[in-house]
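Engineer:
Residue numbers (this note's numbering): 6 to 47.
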């Protein structure tokens with residue numbers, strides 16, 4: 006697996022992204038305009 010799509014938000018999305026980065030997996034997140042500045046999008 007080279008890349009994963011996170012279709013979640015909040016702390017769970019942050020944990021998934023952190024773990025994926027540690028494993029060398031690229032992360033793509035989908036978000037709404039309201040979530041643009043949220044931690045799980047950055």
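Backbone N, C-alpha and C fix where the C-beta goes; we use that ideal spot for every residue, glycine too. These numbers were taken from a predicted model, which means no experiment stands behind them.
Looking at residue 33: is its Cβ nearer than 9 Å to the Cβ of residue 11?
Structural biologist: On the chain shown, residue 33 is found 28 positions in, with the first residue counted as 1. On the chain shown, residue 11 is found 6 positions in, with the first residue counted as 1. Taking 9 Å as the Cβ cut-off, residue 33 and residue 11 qualify as a contacting pair.
Engineer: Does the beta-carbon distance from residue 30 to residue 14 come in below 9 Å?
Structural biologist: If you number the chain shown from 1, residue 30 lands on position 25. If you number the chain shown from 1, residue 14 lands on position 9. No, the Cβ-Cβ distance between residue 30 and residue 14 is not below 9 Å.
Engineer: By the DSSP assignment, the beta strand (DSSP E) with residue 31 in it spans what residues?
Structural biologist: Taking the chain shown and counting its residues from 1, the one referred to as residue 31 is at position 26. Residues 31-34.
Engineer: What does DSSP give as the partner residues of residue 11 in its beta bridges?
Structural biologist: Position 6 of the chain shown holds residue 11. Residue 11 pairs with 34.
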